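Asker: Before anything else, here's the structure in question.
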Amino acid sequence: MVHRDLLWAYHKGHKDVGLIQVRNGTSRREMESSHSLLQAVSQLESTLKQLMAPMSMNDVCDYLEKQVAYMSGGQGKDSSVIITFPECSYFRDIPAEDLDKVLTFLTYIQRQPGVKFIIILDRRLDTWSSLKTALAKIAASFPGNLHLVLVLRPTSFLQRTATDIGFRFSQEDFMLKM
């Protein structure tokens with residue numbers, strides 16, 4: 081109790097801190113250490129509150145209207161939830177924070193222990209480099225238990241060939257956490 085009062089007095093900048101220190105045998109260094117620890121805990125607590133705050137539909141409304149990603153209601157064989165990323169020419173321009181919000185919103189409702197997610201990534205009209213970027217973004221942003229990623233690869237002859245070769249020689253680049 082006295083130690084907490086001492087920290088409070090130190091935090092508020094009271095003049096009697098020196099007297100309280102001497103009486104309790106607490107050194108200034110110990111007080112500063114305890115004070116910095118309290119500040120760190122307070123900062124961590126506020127960060128956790130922000131992360132745990134319920135997300136609003138308004139936070140992701142624009143991207144959901146543009147159908148950057150959606151849940152069709154389908155399920156895999158083992159009741160995995162399917163999230164579809166349809167062809168989207170501006171996918172690479174979506175900021176990582178916004179993609180995080182969309183994925184968090186889509187997975188939040190279904191997030192229960194043991195729920196798995198399947199992603200269908202449609203990139204038939206895209207290039208190999210865009211496909212690679214999209215996979216990297218999704219791997220970095222996906223907050224749930226990712227079970228399977230199905231890719232509809234580019235359909236033009238040149239891009240399809242590049243995709244085949246790219247997947248063959250850089251498979252370890254696409255090892256997603258599942």
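Here the sequence shown is numbered in this note's numbering, starting from 81 and rising by one per residue. All C-beta atoms, glycine included, are put in the ideal place defined by N, C-alpha and C. Bear in mind that the values here come from a model prediction, so they are computed numbers and not experimental data.
(1) Whether or not the stretch 215 to 232 and the stretch 174 to 192 are in contact is what I'm after, with contact meaning three or more pairs of Cβ atoms, one per stretch, closer than 8 Å; do they touch?
(2) In this structure, how does DSSP classify K196 when only helix, strand and coil are distinguished?
(3) Taking the straight line between their C-alpha atoms, what separation do you get for F185 and S116?
(4) Exposed or buried, what is K157 when buried is set at 16 or more other beta-carbons lying within 10 Å of its beta-carbon?
(5) Pick helix, strand or coil for Q119, following the three-state DSSP scheme.
(6) On the three-state DSSP scale, how would you describe L183?
(7) Give the secondary structure of Q101 by DSSP, where H, G and I count as helix, E and B as strand, and everything else as coil.
(8) Grab the span of the beta strand (DSSP E) containing I162 for me, first residue to last.
(9) What residues match up with D206 in a beta bridge as DSSP calls it?
(10) Between the Cα of W208 and those of K217, P193, R233, spot the shortest distance and give me the residue it belongs to.
Answerer: Let me lay it out:
(1) Touching, per the Cβ criterion.
(2) Three-state result, K196: strand.
(3) It is roughly 35 Å from the alpha-carbon of F185 to the alpha-carbon of S116.
(4) It is exposed - the Cβ of K157 has fewer than 16 other Cβ atoms within 10 Å.
(5) Helix at Q119.
(6) Looking at L183 - three-state DSSP - the assignment turns out to be helix.
(7) With a pLDDT of 49 at Q101, under the threshold of 50, the modelled position of this residue cannot be trusted; read the value that follows with caution. In the three-state DSSP reduction, Q101 falls in the helix class (H, G or I).
(8) Element bounds for I162: 161 to 165.
(9) Looking at the DSSP assignment, D206 forms no beta bridge with any residue, so it has no partner.
(10) Nearest in C-alpha terms to W208, of all of K217, P193, R233, is R233.
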